[in-house]
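Q:
Protein chains: 2
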Amino acid sequence: MLKSLNQNKSMTLGILGGGQLAKMLATAAYRLGLNVAIIDKEANTPAGDMTKLEFINGWNNRSELDKFIDVSDIITLENEFIEPDILEYIASYKEVFPTAATMRLVQDKFIQKSTLKSNNINSLPVFKEIFSINDLHEFGNRYSYPFIAKTRTLGYDGYGNFTIHTPEDCAAAYNKFNNSNVSRPLMAESFVNFKSELAVMVARNRNGETAVYPCVETVQQNHICHKVIAPARIAENLRTEAQKLAVACVDAINGIGVFGVEMFLAQDEKILINEIAPRPHNSGHYTIESCHCSQYENAIRAILNLPLGSPQMRMPAACMINLLGERNGIGVPCDVSSTLADGVSSLHLYNKKSSRIGRKMGHITALGSTMDEAIAIADNAYKNFVW
Amino acid sequence: MLKSLNQNKSMTLGILGGGQLAKMLATAAYRLGLNVAIIDKEANTPAGDMTKLEFINGWNNRSELDKFIDVSDIITLENEFIEPDILEYIASYKEVFPTAATMRLVQDKFIQKSTLKSNNINSLPVFKEIFSINDLHEFGNRYSYPFIAKTRTLGYDGYGNFTIHTPEDCAAAYNKFNNSNVSRPLMAESFVNFKSELAVMVARNRNGETAVYPCVETVQQNHICHKVIAPARIAENLRTEAQKLAVACVDAINGIGVFGVEMFLAQDEKILINEIAPRPHNSGHYTIESCHCSQYENAIRAILNLPLGSPQMRMPAACMINLLGERNGIGVPCDVSSTLADGVSSLHLYNKKSSRIGRKMGHITALGSTMDEAIAIADNAYKNFVW
Numbered sequence: 001m002l003k004s005l006n007q008n009k010s011m012t013l014g015i016l017g018g019g020q021l022a023k024m025l026a027t028a029a030y031r032l033g034l035n036v037a038i039i040d041k042e043a044n045t046p047a048g049d050m051t052k053l054e055f056i057n058g059w060n061n062r063s064e065l066d067k068f069i070d071v072s073d074i075i076t077l078e079n080e081f082i083e084p085d086i087l088e089y090i091a092s093y094k095e096v097f098p099t100a101a102t103m104r105l106v107q108d109k110f111i112q113k114s115t116l117k118s119n120n121i122n123s124l125p126v127f128k129e130i131f132s133i134n135d136l137h138e139f140g141n142r143y144s145y146p147f148i149a150k151t152r153t154l155g156y157d158g159y160g161n162f163t164i165h166t167p168e169d170c171a172a173a174y175n176k177f178n179n180s181n182v183s184r185p186l187m188a189e190s191f192v193n194f195k196s197e198l199a200v201m202v203a204r205n206r207n208g209e210t211a212v213y214p215c216v217e218t219v220q221q222n223h224i225c226h227k228v229i230a231p232a233r234i235a236e237n238l239r240t241e242a243q244k245l246a247v248a249c250v251d252a253i254n255g256i257g258v259f260g261v262e263m264f265l266a267q268d269e270k271i272l273i274n275e276i277a278p279r280p281h282n283s284g285h286y287t288i289e290s291c292h293c294s295q296y297e298n299a300i301r302a303i304l305n306l307p308l309g310s311p312q313m314r315m316p317a318a319c320m321i322n323l324l325g326e327r328n329g330i331g332v333p334c335d336v337s338s339t340l341a342d343g344v345s346s347l348h349l350y351n352k353k354s355s356r357i358g359r360k361m362g363h364i365t366a367l368g369s370t371m372d373e374a375i376a377i378a379d380n381a382y383k384n385f386v387w
Numbered sequence: 388m389l390k391s392l393n394q395n396k397s398m399t400l401g402i403l404g405g406g407q408l409a410k411m412l413a414t415a416a417y418r419l420g421l422n423v424a425i426i427d428k429e430a431n432t433p434a435g436d437m438t439k440l441e442f443i444n445g446w447n448n449r450s451e452l453d454k455f456i457d458v459s460d461i462i463t464l465e466n467e468f469i470e471p472d473i474l475e476y477i478a479s480y481k482e483v484f485p486t487a488a489t490m491r492l493v494q495d496k497f498i499q500k501s502t503l504k505s506n507n508i509n510s511l512p513v514f515k516e517i518f519s520i521n522d523l524h525e526f527g528n529r530y531s532y533p534f535i536a537k538t539r540t541l542g543y544d545g546y547g548n549f550t551i552h553t554p555e556d557c558a559a560a561y562n563k564f565n566n567s568n569v570s571r572p573l574m575a576e577s578f579v580n581f582k583s584e585l586a587v588m589v590a591r592n593r594n595g596e597t598a599v600y601p602c603v604e605t606v607q608q609n610h611i612c613h614k615v616i617a618p619a620r621i622a623e624n625l626r627t628e629a630q631k632l633a634v635a636c637v638d639a640i641n642g643i644g645v646f647g648v649e650m651f652l653a654q655d656e657k658i659l660i661n662e663i664a665p666r667p668h669n670s671g672h673y674t675i676e677s678c679h680c681s682q683y684e685n686a687i688r689a690i691l692n693l694p695l696g697s698p699q700m701r702m703p704a705a706c707m708i709n710l711l712g713e714r715n716g717i718g719v720p721c722d723v724s725s726t727l728a729d730g731v732s733s734l735h736l737y738n739k740k741s742s743r744i745g746r747k748m749g750h751i752t753a754l755g756s757t758m759d760e761a762i763a764i765a766d767n768a769y770k771n772f773v774w
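Quick mapping for you: the protein sequence lines, in order, are chains A and B. Residue 94 in the numbering used here sits at position 94 of the first sequence, and the numbers go up by one each step. So the numbering used here is basically just the index in the second sequence, starting at one, shifted up by 387.
#1: Does any residue of chain B have a CB that is nearer than 8 Å to the CB of A/P333?
#2: Helix, strand or coil for A/L304, going by three-state DSSP, please let me know.
#3: Can you pull the chain B neighbours of A/V258, defined as C-beta to C-beta under 9 Å?
#4: Helix, strand or coil for A/A26 per DSSP?
#5: Give the single residue among B/L573, B/Y600, B/N709 whose Cα lies nearest to the Cα of B/V587.
#6: Which partner residues of B/C678 appear in the DSSP bridge assignment?
#7: With DSSP as the reference, label B/F514 as helix, strand or coil.
#8: Can you check which of these residues, B/G642, B/R620, B/N685, B/L503, is closest to B/V606 by C-alpha distance?
#9: Ignore the nearest five residues each way along the sequence and tell me which others in A/I90's own chain have a CB closer than 7 Å to its CB.
#10: Does DSSP classify B/R591 as helix, strand or coil?
#11: Look at A/T370 and A/M320 and say whether their C-beta atoms are less than 8 Å apart.
#12: Evaluate B/Y480 with the Cβ neighbour count: other Cβ atoms within 10 Å of its Cβ, from every protein chain shown; 16 or more gives buried, anything less gives exposed.
#13: Use the C-beta contact count for A/I253: other C-beta atoms within 10 angstroms, 16 or more gives buried, fewer gives exposed.
#14: Specify whether the stretch 675-689 of chain B and the stretch 412-432 of chain B touch according to this definition: at least 3 beta carbon pairs, one from each stretch, less than 8 Å apart.
#15: When you compare each of B/S732, B/Y737, B/L625 to B/A763 by their alpha carbons, which one comes out closest?
#16: Note down, in chain order, all residues in the stretch 700-725 of chain B with a beta-carbon under 7 Å from any beta-carbon belonging to chain C.
#17: Buried or exposed for A/Y174, please, with buried defined as at least 16 other CB atoms from any protein chain shown within 10 angstroms of its CB.
#18: Take B/A617 as the anchor and find which of B/A409, B/T674, B/L652 has the nearest alpha-carbon.
#19: B/E525 to B/V513, Cα distance in whole Å?
#20: Between which two residues does the beta strand (DSSP E) containing A/M361 stretch?
#21: Along the chain, which unbroken stretches of the beta strand (DSSP E) at least 3 residues long are found entirely within the stretch 538-600 of chain B?
#22: Which residue marks the beginning of the alpha helix (DSSP H) containing A/S114, and which one marks its end?
#23: Could you tell me the alpha carbon to alpha carbon distance between A/I330 and A/G358, rounded to whole angstroms?
#24: Which residues of chain A have a Cβ atom closer than 8 Å to the Cβ of B/V731, listed in chain order?
#25: Below 8 Å between beta carbons: does that hold for B/L400 and B/L421?
#26: Is the beta carbon of B/E465 sitting closer than 8 Å to the one on B/L523?
#27: Any contact between the stretch 264-276 of chain A and the stretch 309-320 of chain A? By contact I mean 3 or more CB pairs, one from each, below 8 Å.
#28: Out of curiosity, what's the CA-to-CA distance linking B/E656 and B/E628?
#29: Can you pull the chain B neighbours of A/S10, defined as C-beta to C-beta under 7 Å?
#30: If you draw a straight line from the alpha carbon of A/A317 to that of B/R701, how long is it in whole angstroms?
#31: Which of helix, strand or coil does DSSP assign to B/K770?
#32: Determine the burial state of A/P333: buried for a count of at least 16 other Cβ atoms within 10 Å of its Cβ, exposed for fewer.
#33: Give a yes or no on whether the C-beta atoms belonging to B/K537 and B/N548 are separated by under 8 Å.
#34: Name the chain A residues whose beta carbon is nearer than 8 Å to that of B/T752?
#35: Taking all protein chains shown into account, do 16 or more other C-beta atoms lie within 10 angstroms of the C-beta of B/K515, making it buried, or fewer, making it exposed?
#36: Here's a check: name, in chain order, each residue in its chain whose Cβ is nearer than 6 Å to the Cβ of B/H735, leaving out the five neighbours to either side.
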């Protein structure tokens, strides 16, 4: 199973993208005895540094892509913005997961939500296709203000979202994404005044077997994930409901690999699906230390159709905090001693070659016998980190 | 602290040796955001595959060594057989730990035990230098048979040991190591009829601060470590005594890095020191999943003089079983599905390019709420592994 198709050596896992998710996938792959190939559009990415099989001209360069395909036995991705046509091209030579078909259902958020709805998953905000300023007005009039206008594709960390508070915002929202420079398909969604944001990671292998991680709580700052609390501090029946919903979502898109399902817990305690990430997810970093099998290893097990590992936590509580860049400049922190001094928190630095303000540069995970303990350890380690 | 000395980039950790210990060191280094360089005398070693900074002509090739030193900011080792002169040469350019001085105290087992004794560490078997067959007879007559003749240097996994049961064995033992082909300095040690074999990993940084891992029990088969049980199933006061002894040993050799101290628990419940390994150790593999900070990460923290991580276990019990080669041929197993099926054991495959019977090819770690649980999981996963 782990043998390369063509030779008496180990399989090579090809990863589209070389960022921190690829780095943590590569780490899991090496542990399982695999080789790793990375393709990205630049050199010296976090994962690219970890292998000689590094292809730096990007997957849109056909000859570079061909070389990458050639050395890989099976291929996956860390980036949800890859054109499904590229995945289809790859699939004509080597197996690639998630499939082009799954990515087509996920990348366009209107198609994504429509797919869920047609699979009888109704825990969704109200959503509609938008083709004009007038469509936005109609949505607001019918479902009330505020609501969200969002680009159907390519949005992340809040980019591509516009909150429409009053009818006067409709034109500005529409024109932001459709003007002489850009033309982006839009959708509208009802605004969820949430109590908390939740996420569940689901690994699903080629037999359709799933491993479902605990429902976690994500805390955003400036639309970027700041902190993840595992498990979420909500009633157990709600956590279970979130897990069931997440599995239904991944089944609906026939997902093979690992998927992050982001959800809102509304004020009325209804759970509403926000979106699906078809890859390892920031909200699952904590699984490396906390769970018997991490989201990264399960991503690999899933695509190799191996039995999935247990998503159960080894300790009762975990807290993960992202380390975002606080300067534009080199990516190496001044000192990590104060953060490491507690002895129990786990520091991950991605070794990105440059830092930008707000860029994800690393993270800290702390486990605890209680949630208060895990959060206190993580908060303290984070406070002591010096860029 | 993590910045390269000369440039605005991350430090590069150079590792002498590219085997599985280097692979697990490299994994910990990458997680901390470091780069990794590997030197070994062949290509495609487990750790060499994980970096472009791979030097394949060995450290005895001066120009190869120079290139390795050049790209490294700080250097460590996974192999205790490196000539101290090489370490001294390296130290004239870059910091290297453990130091040549420490290695001189460890590599020759007679000097090692003499050093411990001169530091008032008396939990030792009787030991003596041996220069002749007659010296062996005298040792046997004075301290009784059976006893062990062992080469003072280069022994591992039982190679270099000869058990002398009767006076008639003395000549054979001596002549095995001293004949027309070889001439190896010898020592004699009293035979310890042990109840169990113990080991304690100690990380010690440049400030002399230590992190002491739990006392574990090692089970050998054919002189090779088969299983590690953490913590050891002995009285707590004995485990504490073993930990104190281990720290005293590492202090005595002024060790900087991580060290494995192997001990015997004799029938009379006395603990006797067997030997010190100046590097990460097979008996500490379990720390990756079990402890807040693994022996590998603490080895790196120690040589960078960072605060050491906690050696405490996250769950009460762990069991590690080595996967030894069962054929001479390719290093990839036929199937790992059955081993992975339990979902909770952690499989490590080293991706060695060829297997030999008895060669360390991987390992399995299982954690448990109880020792019985951990052992049962590991035994079952091991039983299901198919080479």
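For glycine and all other residues, C-beta sits at the position ideal for the given N, C-alpha and C. Keep in mind that this is a model prediction, so the values were computed, not measured.
A: Quick answer:
#1: Contact of A/P333 with chain B is assigned, a C-beta pair being separated by under 8 Å.
#2: Under the three-state reduction of DSSP, A/L304 is assigned to coil, being neither helix nor strand.
#3: Residues of chain B whose Cβ lies closer than 9 Å to the Cβ of A/V258 do not exist; the shortest such Cβ separation is about 15 Å.
#4: DSSP, reduced to helix, strand and coil, places A/A26 within a helical segment of the structure shown.
#5: The shortest C-alpha separation from B/V587 is found at B/Y600.
#6: Per DSSP, B/M700.
#7: For B/F514, the secondary structure class from DSSP, reduced to helix, strand or coil, is strand.
#8: For the residues B/G642, B/R620, B/N685, B/L503, the minimum Cα distance to B/V606 belongs to B/R620.
#9: Excluding sequence neighbours, A/I90 sits near I69, I75, V96.
#10: In this structure, B/R591 counts as strand in the three-state DSSP scheme.
#11: In this structure, A/T370 keeps its C-beta atom at 8 Å or more from the C-beta atom of A/M320.
#12: It counts as exposed.
#13: Counting Cβ neighbours within 10 Å, A/I253 comes out buried, since at least 16 surround it.
#14: Output reads yes: the stretch 412-432 of chain B touches the stretch 675-689 of chain B.
#15: Residue B/S732 is the option with its Cα nearest to B/A763.
#16: The chain labelled as chain C is not found among the protein chains of the depicted structure, namely A and B.
#17: That one is buried.
#18: Closest option to B/A617, judged by alpha-carbon separation, among B/A409, B/T674, B/L652: B/T674.
#19: Using only the alpha carbons, I get a separation of about 13 Å.
#20: Run containing A/M361: 360-368, per the beta strand (DSSP E) assignment.
#21: 548-551, 573-577, 581-591, 597-599, all fully within the stretch 538-600 of chain B.
#22: It spans 109-118 - the alpha helix (DSSP H) in which A/S114 sits, taken as one unbroken run.
#23: So the alpha carbons of these two residues sit roughly 14 Å apart.
#24: H292, C293, G309, S310, Q312, listed in chain order.
#25: Cβ distance < 8 Å, so B/L400 and B/L421 count as in contact.
#26: No, these two residues do not count as a Cβ contact at 8 Å.
#27: At 8 Å Cβ cutoff, the stretches do not touch.
#28: Their backbone Cα atoms lie some 11 Å apart in a straight line.
#29: Here the neighbours are V719, N738.
#30: C-alpha separation (whole angstroms): 12 Å.
#31: In this structure, B/K770 counts as helix in the three-state DSSP scheme.
#32: A residue is called buried when at least 16 other Cβ atoms come within 10 angstroms of its Cβ; A/P333 meets this threshold and is buried.
#33: Yes; because the gap between Cβ atoms is below 8 Å, this pair is in contact.
#34: Per Cβ cutoff of 8 Å: no residues; B/T752 is ~10 Å from chain A at best.
#35: B/K515 is buried by the Cβ-count criterion.
#36: Correct list, in chain order: G749, H750.
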